[in-house]
Every structure is written in structure tokens, then in C-alpha cells.
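Number of protein chains: 2
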Amino acid sequence: MTARKTNSPTGRARTTGTGVPAVTLDDVRDAAGRLAGVAHRTPVLRSRTLDALVGAEVFLKCENFQRAGAFKFRGAYHALSRLSPEQLARGVAAYSSGNHAQAVALAARELGSHAVIVMPEDTPQSKLDATAGYGAEIVTYDRYTGDRVAIGGRLAEERGLALIPPYEHPHIIAGQGTAALELIEETGPLDALLTPVGGGGLMAGSATAATALVPGIRMIGVEPEAGDDTLRSLAAGHRVAIPVPRTIADGQAAETPGELTFAINQKLLEAIVLVSDDDIRAAMKLAFERLKIVTEPSGATALAALLARRIAPLPPRIGVIISGGNIGLDRFIGLMSH
Amino acid sequence: MTARKTNSPTGRARTTGTGVPAVTLDDVRDAAGRLAGVAHRTPVLRSRTLDALVGAEVFLKCENFQRAGAFKFRGAYHALSRLSPEQLARGVAAYSSGNHAQAVALAARELGSHAVIVMPEDTPQSKLDATAGYGAEIVTYDRYTGDRVAIGGRLAEERGLALIPPYEHPHIIAGQGTAALELIEETGPLDALLTPVGGGGLMAGSATAATALVPGIRMIGVEPEAGDDTLRSLAAGHRVAIPVPRTIADGQAAETPGELTFAINQKLLEAIVLVSDDDIRAAMKLAFERLKIVTEPSGATALAALLARRIAPLPPRIGVIISGGNIGLDRFIGLMSH
């Protein structure tokens, strides 16, 4: 009846041509049930200083406190939890140099599976260590000559691993949507929800949950100026590709939106707004000094949009997803000393 | 009947000679009632990484997320809330270059009073700005030639201000105890509670609440090595004074414990443990990179004691108070680059 009933994350996800959404609030609720007691129910922080600065009530959903340091664990764990025991026994694979790598590694450990993560050989040692620390096997490749998709695909085929995509699957999207679900359960109706957009999984999941819970909520995505692929795609009415983005927001350096995520976001988003690297640095600094939280650049873009007044007029009650906090002290100091 | 019924924070607080405690759990509960909806109920953070590192279940009560950035707001607001409307109209005074200054300034603004804060003229501009930002009047003095106690006392007398002490009063102690009360309400019984000790107000309030809620809980205070006045006082059996401590933990640079706080702590503490400035730096770094929270040096000492394995054997369930997060980015970078 619908195309959304794919049983394995390796299956190609498709939107339906029948108007049936690929992911629903019920799917997000199901994911929340599977994540209960495994993912952290992250705190929603308030700051009167921040409220006074921006002139609205701001609710910060702090996924930088999520396990493995970012929202990514929600989708990864949910996707793995849907695999058969046989598939979990064979193992899973992912390619990522960022938060998805650690998320899949940790989810695999939690579920007694084995993860193989394909990472560029020049990945910072701290990220290699963190991923290996969760028990994953790491396969490196030369990012200038190798093709991670081909490597991941070959590995998956040869060893019978399930390939866990970073955003392009209903199970991933439903998992990511649980952060917005928790947020709105805690705050009640919000007028707007600001969410960073990279591949679009967090946004698609958030929008699915939030628009079903709060009809009329304004869903606003935030991209770095150099990584405006979703903005351009929305303007064009179809997915477009941009050159590899040069931005400090490495978690949002997508060249084109996902097919499934874009189909959802095209339907549910009000707008995308852009922030500069300087806006992001300023938000990270404010988060540090006033909110006392550590954010990675991609994690701070939604806050940056608010502080840089990219949204006007500002509605009274605004949710903001702080999507991650994985940044080493050295890189943080480097960015702040810029 | 008892000496604890002082009606104004300007009154000299005394312990009773009759064994009646100067502060009780009921006093802490009363304070919690007055703080409800005004102070933040700060989150209790968990980290499986931290648990695995130390080999125990650790519950972090994050007062770095408290209003004005530290637990101090609890005691200050509570003390001010006990003043008469006439006294609030006349105003309050405090001397502090640290978190107590901002706490009293904010509490006064919240209660429609006026605060005069006596601060050394070489106080960092960021702290002067933060205190003035809460609407306080700032009176500076030369810390080498001036006497802040005399200046504060004269101001209070001339202008009829109520002097709000940083720790040496039952209302302050009861207010500070609300953090431990909230923590244990959320976690249930703990085996131990680790708390930074400066003047001893946070420790005395925490111990009052925790030992009444969880008989047998091990109350462990943490001081910087150079600021071991409470450790020495406990060993001596009476309050002793040490030279002005040289430590990065500026919030714990007390030369001698408070009279009232020491009387309580002497009765309720199991032990004081010491941490070095390097231990504190390491804890701040771990808090940043793994817990994604910003701590000031004094705010991280209890965590430092745990990480530096100053407590052995370690009981299974441990509460830790992260007491504050007021640190500018420049100072943080300076400390971390050491």
C-alpha cells in the first residue's frame, strides 16, 4: 500500500506518490518507545538573559548532552533496533567522519552488534579514538582518491553488513524526530522551531513531529551560508547540488539534500535562513559564557540565527535545537581565537 | 528558645549551645518554597562515559546553569526574601568580587530592592559589568589599602542597608541547601555527596538537607590544596586561619571557615579532600569535552576530586555539585593553555 514499509535501512527509501507521508507522528512515537531508557531525555534549558537578548521565550533542546554528543544517536539506534537479530549478528556499516560514526558505533555496541565505520584516513585522531572507543572497527580511505560509497557498499556486500545511512531513511528520520517530540511534550505548544539542516534528517523528523503536535508551528531550518543546498533546492522546487561547502559547520557541509528528507522538508518547512561562520562563532561564544554549554559549530547554527536576527518578526515562544557538542578543546580555542 | 531565630541577615548568626541545629531540613524546605519559580530547578546530568571512567554512578547537579551562573543565587534570594518590605525598600549591601555579588544584585532586582555591592577596583570588567547589568550600584575600593568590611559596614549604617553575608547566616545556608534537596528528590538515596567548600555555606546547607533525607550519606567536602582552611580546622577541632590562598579556584579562596558553617560542617562532614590546580584544570577539560558543560575552577573541584581518585573506596552512587560556571572565554582559554 505504501512505499514507506521498508524493512531494512539498506533498502532504498522512497516517498510515496500517493500523498501518504513517508514518516508520521506515530513513527516518531514508536521510535521514542524504542529509545526510552537508552537515549538520554536531554534537558530543555532556559536563560532569562537569552530571552531578554532576543526578545522572546526561548527553549533550548540540548542534544549536545545526548549520548555520543549529538542527536545522531537517536536515529542510529532506532534504525539498528529495527534490524533482525540475524542482521545484527552479521553487523552494520556506515561511512562518516563525524557524529554519525560515533552514533552508529555506540548503537551497535548497545545492541550487541558489530559496526564497521568507513572514515577518511586524515580524520582527527580524537574522532577515530572516540569511534574505536565504542568498539567499532574502522576502515580508512584516502579521501582524495577513494570513494567512500563504493568502499562502504563493497564492505557491506562482502560481509553481509547492513549499511546505515546518515539521514536518508524513514527509521533514521523518525528517530531524529524524537528530540522535537520530547521538547514539545515538555514546553507545550511553540510558535516556531529552529533546527539546523545538513542532510535534512533532523529537520524532517522534527517537522514531522512538531507540525502534527502543533498545527501551524513555523518550522525554520538553518544552514551555513556556504552550505545552502536546501535553501537553493526549495527555491528551485527540486534538489540541486552545490560545490563542497567551506564552512566551520562541518556537520552541515552537505552538497545536496536527501531525496526523502527533501520531500518532507519541502512540504513542512516555512523557510530556511542562513548564518555566517562569524554568526556561528558568536553563538558558540554566547553559549559558552552565558548558557555554560559547549556547542560544536553545526550545533549552534539555530541559536546563531536567532541571535543574528535572521527571523523577523519573532514569535513569542521559540524552540531551538542545539544539535551537538562534539568539539575538542584545541579546535574550540582555535575557532574562538579567530 | 533558640539562637537561630534571627530576623535579619544583618543579625549576627550564632549556633545554639543547646544542640538545636542552627539550620534544619524544614528550613531548607521553606527556602525551596520561596525559591520555586524564581531559581532554576537545575538539571541533574548523567554521563555513561564519566560513570565508566570513575567506576560509579555519578549524578551531577549543575548549578552552573543556575541564574547568575552559580548556586549563590539560592542563598541570596532566600535571605532577601526574608527581609521586611521596609528593609527591601531601604536596600541591601554586600561585598564580593565574585558570584555572591551577582547573586545579590539579581535577587535585589527580582524583589524590587536596591543593591549596593562593594568590589575591589581591579575586579575584572566583565564581573563589574555583569553586576551592574543586574541593576546594582557598585562601590569600588583599593584592595591594598581599603577594608571592605569597614566600607560595607559604614555604607550599611549610613544608608540603612541590610548587609547580606556570603555564607555566615542561617537563611543563606538554608537557601544553598536547596540544591542538594532537589538533587536527592530526583535521584533518590545516594551513598555520598561531594561538594566544594569555600566559606562553607553550600556544604553546610547540602549536609543539612542530605543527612536528614538520607541518614548515613557520606558528606565529602572538597577544597583546593592551597585553600585547606576547613581541612585544617577540622583537624584542629576549631577554626584556624591560613594565609590568603593562591589557587585558580577563586571562589574557594577562604582564609578561615565561617563560625556557623563550621559548626554545622564539623558535625555533619565525613571528610575534606584536597585537589590541586592541575586536578581542577583536568576536570574542567573533561567537563568541556565529554560533558559539554562550562565550569569555573571552583565549580569543578568536586568533580576533580572524583576524577583524581581522592576518594577510596568509591561508593556506588555519588552526587556531585557543580557549583558554578562563571568564567569568561579569555580566562578559560588561558587556564586551558597552561
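First to last, the sequence lines map onto chains E and S.
Anchor point for the first sequence: position 69 equals 54 in our numbering, and the numbering is continuous, going up by one each time.
Anchor point for the second sequence: position 93 equals 78 in our numbering, and the numbering is continuous, going up by one each time.
Think of the CB as a built atom: it goes at the ideal place given N, C-alpha and C, for glycine as much as any other residue.
**Request:** Report the neighbours of F56(E) on chain S: residues whose CB is nearer than 8 Å to its CB, in chain order.
**Result:** Within chain S, no residue comes near F56(E); the closest Cβ sits about 13 Å away, beyond 8 Å.
**Where L299(S) sits in the DSSP three-state scheme** = Correct three-state label for L299(S): coil.
**Item:** Contacts that R52(E) makes with chain S (C-beta to C-beta distance below 8 Å)
**Value:** R33
**Request:** Would you verify that the beta carbon of E326(S) is, or is not, closer than 7 Å to some beta carbon of chain E?
**Result:** A query on residue 326(S) cannot be resolved here, the shown segment of chain S reaching from -14 to 323 and no further.
**Item:** Rounded C-alpha distance that separates V229(S) from L45(E)
**Value:** 41 Å
**Request:** Note down, in chain order, all residues in the region 247 to 258 of chain S with a beta-carbon under 8 Å from any beta-carbon belonging to chain E.
**Result:** none
**Prompt:** What is the DSSP secondary structure of A293(E), counted as helix, strand or coil?
**Reply:** coil
**Prompt:** Is L288(S) helix, strand or coil by DSSP?
**Reply:** helix
**Request:** Under the assumption that T193(S) contacts L10(S) (Cβ atoms under 8 Å), give the Cβ distance between them as a whole number of angstroms.
**Result:** 6 Å
**Message:** Any beta carbon from chain S within less than 7 Å of M321(E)'s own beta carbon?
**Reply:** Closer than 7 Å: yes.
**Request:** Could you tell me if R(-11)(S) is buried or exposed, where buried requires 16 or more neighbouring beta carbons within 10 angstroms of its beta carbon?
**Result:** Bear in mind that a pLDDT of 36 at R(-11)(S), under 50, signals an unreliable position, so the number given afterwards is only what the model happens to contain. Buried, because 16 or more other Cβ atoms sit within 10 Å of the Cβ of R(-11)(S).
**Prompt:** Can you give the beta carbon distance from L146(S) to G76(S), rounded, assuming they're within the 8 Å contact cut?
**Reply:** 5 Å
**Request:** With distances taken Cα to Cα, identify the nearest neighbour of V207(E) among A226(E), A234(E) and A221(E).
**Result:** Among A226(E), A234(E) and A221(E), the Cα nearest to that of V207(E) belongs to A234(E).
**contact_flag[the region 52 to 61 of chain S, the region 84 to 92 of chain S] where n(CB pairs < 8 Å) is 3 or more** = yes
**Cβ of P298(S) within 7 Å of any chain E Cβ** = no
**Message:** Please classify V134(S) as buried or exposed, where buried requires at least 16 neighbouring CB atoms within 10 angstroms.
**Reply:** Its Cβ having fewer than 16 others within 10 Å, V134(S) is exposed.
**Item:** Beta-carbon proximity list for A121(E), same chain, < 6 Å, skipping 5 on both sides
**Value:** A90, A100 and I102, listed in sequence order.
**Asked** What is the rounded straight-line gap between the Cα of V279(E) and the Cα of P242(E)?
**Response** 27 Å
**Message:** Going by C-alpha to C-alpha distance, which of R275(S), I306(S) and P209(S) sits closest to T180(S)?
**Reply:** I306(S)
**Asked** With DSSP run on the structure shown, which of helix, strand or coil describes P155(S)?
**Response** Helix at P155(S).
**Identity of the residue in Q237(E), A41(E) and L20(E) nearest L291(E) by Cα** = A41(E)
**Message:** Going residue by residue through the region 226 to 291 of chain E, where are the continuous alpha helix (DSSP H) segments of at least 4 residues, counting only ones entirely within it?
**Reply:** The alpha helix (DSSP H) runs lying completely inside the region 226 to 291 of chain E and spanning 4 residues or more are 244 to 253 and 262 to 271, given in chain order.
**Item:** Same chain, Cβ closer than 6 Å to L276(E), neighbours up to 5 away in sequence not counted
**Value:** S32
**Interface residues of the region 62 to 95 of chain E facing chain S [CB-CB below 7 Å]** = Going along the region 62 to 95 of chain E in chain order, one finds no residue with a Cβ nearer than 7 Å to chain S.
**Prompt:** Which chain E residues sit within Cβ distance under 8 Å of P151(S)?
**Reply:** When 8 Å is used as the limit between beta carbons, P151(S) is near no residue of chain E, the shortest such separation being about 21 Å.
**Request:** Give the residues from the region 6 to 32 of chain S that approach chain E closer than 8 Å (Cβ to any Cβ), ordered along the chain.
**Result:** H25, P28, L30 and R31
**Request:** For chain E, find out if any of its Cβ atoms is closer than 7 Å to the Cβ of V124(S); answer yes or no.
**Result:** no
**Message:** Is the separation between the beta-carbon of H63(S) and that of A93(S) shorter than 7 Å?
**Reply:** no
**Request:** Find the nearest neighbour of P6(E) within the set Q251(E), P209(E), R295(E) and D263(E), judged by alpha-carbon distance.
**Result:** Ranking the options by Cα distance to P6(E), first place goes to Q251(E).
**Terminal residues of the beta strand (DSSP E) in which Y126(S) lies** = E122 to Y126
**Prompt:** Residue range of the beta strand (DSSP E) that L68(E) falls in?
**Reply:** L68(E) -> no beta strand (DSSP E), and no H or E assigned at all.
**Asked** Any Cβ of chain S within less than 7 Å of the Cβ of V103(E)?
**Response** Under the Cβ distance rule, V103(E) does not count among the residues neighbouring chain S, no pair being separated by less than 7 Å.
**Message:** Could you give the first and the last residue of the continuous alpha helix (DSSP H) run that contains E208(S)?
**Reply:** Looking at the DSSP string, E208(S) is not in any alpha helix (DSSP H); the run it does join, the beta strand (DSSP E), is R203 to P209.
**Message:** Please report the straight-line C-alpha distance between A287(E) and E71(E), rounded to a whole angstrom.
**Reply:** 40 Å
**Where F50(E) falls: helix, strand or coil (DSSP)** = helix
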